[in-house]
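Undergrad: This is the structure, below, for whatever I ask next.
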Amino acid sequence: MTLGNKYGFYIGLALAIFSSFLIGSSVILKKKGLLRLVDKGGTRAGMEIQGGWWGRLGGGEAANFAAYAFAPATIVTPLGALSVLISAILSSYLLGERLNLLGKLGCMLSIVGSTVMVIHAPEEEEVTTLAEMASKLKEPGKHQAVACLILIFFLAPRYGQRNILIYLTICSVIGAFSVSSVKGLGIAIKGFFADQPVLQNPLPWILILTLVASVTTQINYLNKALDIFNTSLVFPIYYVLFTTIVITTSIILFKEWVAMSVVDIIGTVCGFLTIILGVFLLHAFKDMDIHLGNLPQVLQNSDQASAIKDDKNILIEVDNSGMIADDKPKVFMIYT
Numbered sequence: 001m002t003l004g005n006k007y008g009f010y011i012g013l014a015l016a017i018f019s020s021f022l023i024g025s026s027v028i029l030k031k032k033g034l035l036r037l038v039d040k041g042g043t044r045a046g047m048e049i050q051g052g053w054w055g056r057l058g059g060g061e062a063a064n065f066a067a068y069a070f071a072p073a074t075i076v077t078p079l080g081a082l083s084v085l086i087s088a089i090l091s092s093y094l095l096g097e098r099l100n101l102l103g104k105l106g107c108m109l110s111i112v113g114s115t116v117m118v119i120h121a122p123e124e125e126e127v128t129t130l131a132e133m134a135s136k137l138k139e140p141g142k143h144q145a146v147a148c149l150i151l152i153f154f155l156a157p158r159y160g161q162r163n164i165l166i167y168l169t170i171c172s173v174i175g176a177f178s179v180s181s182v183k184g185l186g187i188a189i190k191g192f193f194a195d196q197p198v199l200q201n202p203l204p205w206i207l208i209l210t211l212v213a214s215v216t217t218q219i220n221y222l223n224k225a226l227d228i229f230n231t232s233l234v235f236p237i238y239y240v241l242f243t244t245i246v247i248t249t250s251i252i253l254f255k256e257w258v259a260m261s262v263v264d265i266i267g268t269v270c271g272f273l274t275i276i277l278g279v280f281l282l283h284a285f286k287d288m289d290i291h292l293g294n295l296p297q298v299l300q301n302s303d304q305a306s307a308i309k310d311d312k313n314i315l316i317e318v319d320n321s322g323m324i325a326d327d328k329p330k331v332f333m334i335y336t
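The numbering of the sequence shown is the UniProt record's numbering, which starts it at 1 and goes up by one.
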């Protein structure tokens, strides 16, 4: 790996982490501003111009887009889970919300998984010019477009209101378009500063239009999912689907895993699975009152509930040693 590629990787990594911090903290600032306005009898519109949370959110998204220009999507996309971790930690300190034992374990697993992915993730990128980008986009782009059309016009109207996977799959597939567009624009920007005739090439302009359309559609369907389904289900499932599809697209499109060893590939997959487990623990059990102090009591209550359930149905087998051959064994059910 050349020195420039190495610096580019670390710049992208730093931008991804910084982006997660800005996005995670913007959620807390928004909630604090809303609570402050409620106490003062203000309105939601007033919150929009207070606190600068929207500035952090915009800066975080910009940093995230910039990270894709320097580092492989395989490392940038999974690190988005850190924003959930940061918002959970900050909420326990700034908003007084309790982070239970399983939430803390989920945070630790997310950090461990992110570290493992950073260690094993690819640092070099195979696509470095707009010509290469154009040739790579043709075939996968057609398949993704067809998949999106089927999901939006056929499956979403019929099953979107009942199945959480429909809207979130649309968001994830379209999200892969936005990531590919950002990667291509990153290549175009690098070419522009290298005095290449980028502005005369139609591809950057197509990528800009694709990025705007995909982000708009993505937000629309994510909001639909949030309106219908539980937030604690939406975000973990969306994270898993979005990250999996983006990584798969990057493997096919940008050949990010071509130069990786088997050990690095296994390490990357294991790191990603660890992050998924951490995000699941953080979201799925966030409303449970469980911490080190009451852990023995929780376990004891669980054992008692299990014993009570078992006591309701007791099977007593009758001694069948003296039965006639034609008789069948009898089992009596006793309810207590």
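Idealized CB from N, CA, C, for every residue including glycine.
Evaluate Gly271 with the Cβ neighbour count: other Cβ atoms within 10 Å of its Cβ, from every protein chain shown; 16 or more gives buried, anything less gives exposed.
TA: Numbered from 1 along the sequence shown, position 271 holds the residue referred to as residue 271. Gly271 is buried by the Cβ-count criterion.
Undergrad: When the Cβ atoms of the region 197-204 are set against those of the region 232-246, are three or more pairs found closer than 8 Å?
TA: Not touching, per the Cβ criterion.
Undergrad: Exposed or buried, what is Gln297 when buried is set at 16 or more other beta-carbons lying within 10 Å of its beta-carbon?
TA: As a first step, residue 297 must be located in the sequence shown, where it is residue number 297. Answer is exposed; the Cβ neighbour count stays below 16.
Undergrad: Can you tell me whether DSSP reads Trp257 as helix, strand or coil?
TA: Position 257 of the sequence shown holds residue 257. Coil, per DSSP.
Undergrad: Out of curiosity, what's the CA-to-CA distance linking His143 and Lys31?
TA: In the sequence shown, residue 143 corresponds to position 143, counting from 1. In the sequence shown, residue 31 corresponds to position 31, counting from 1. The alpha-carbon atoms of His143 and Lys31 are separated by roughly 40 Å.
Undergrad: How about Val246 and Ile276: do their beta carbons lie closer than 8 Å?
TA: Here the question's residue 246 lines up with position 246 in the sequence shown. Here the question's residue 276 lines up with position 276 in the sequence shown. No Cβ-Cβ contact shorter than 8 Å links Val246 with Ile276.
Undergrad: Return the first residue and the last residue of the alpha helix (DSSP H) that residue 351 is part of.
TA: Only positions 1 to 336 of the chain appear in this structure, which leaves residue 351 out of reach.
Undergrad: Let me know the alpha helix (DSSP H) ranges lying completely inside the region 155-217, each 4 residues or longer, listed in chain order.
TA: 156-159 and 164-193
Undergrad: Which first and last residues belong to the alpha helix (DSSP H) in which residue 338 is found?
TA: A question about residue 338 goes unanswered here, because the residues of the chain that appear run from 1 up to 336.
Undergrad: Going by Cα to Cα distance, which pick from Leu15, Leu226, Ile89 and Gly24 is closest to Pro72?
TA: What you label residue 72 is simply residue 72 of the sequence shown in a count that begins at 1. Among Leu15, Leu226, Ile89 and Gly24, the Cα nearest to that of Pro72 belongs to Leu15.
Undergrad: Pop quiz: Gly12 and Ala67 are said to be a contact at Cβ under 8 Å. What is the actual Cβ separation, rounded to whole angstroms?
TA: Against the sequence shown, residue 12 aligns to sequence position 12. Against the sequence shown, residue 67 aligns to sequence position 67. Confirmed, about 5 Å.
Undergrad: Nearest CA to the CA of Leu185: which residue from Leu90, Val198 and Leu299?
TA: Walking along the sequence shown from the start, residue 185 turns up at place 185. Leu185 has its Cα closest to that of Val198, out of Leu90, Val198 and Leu299.
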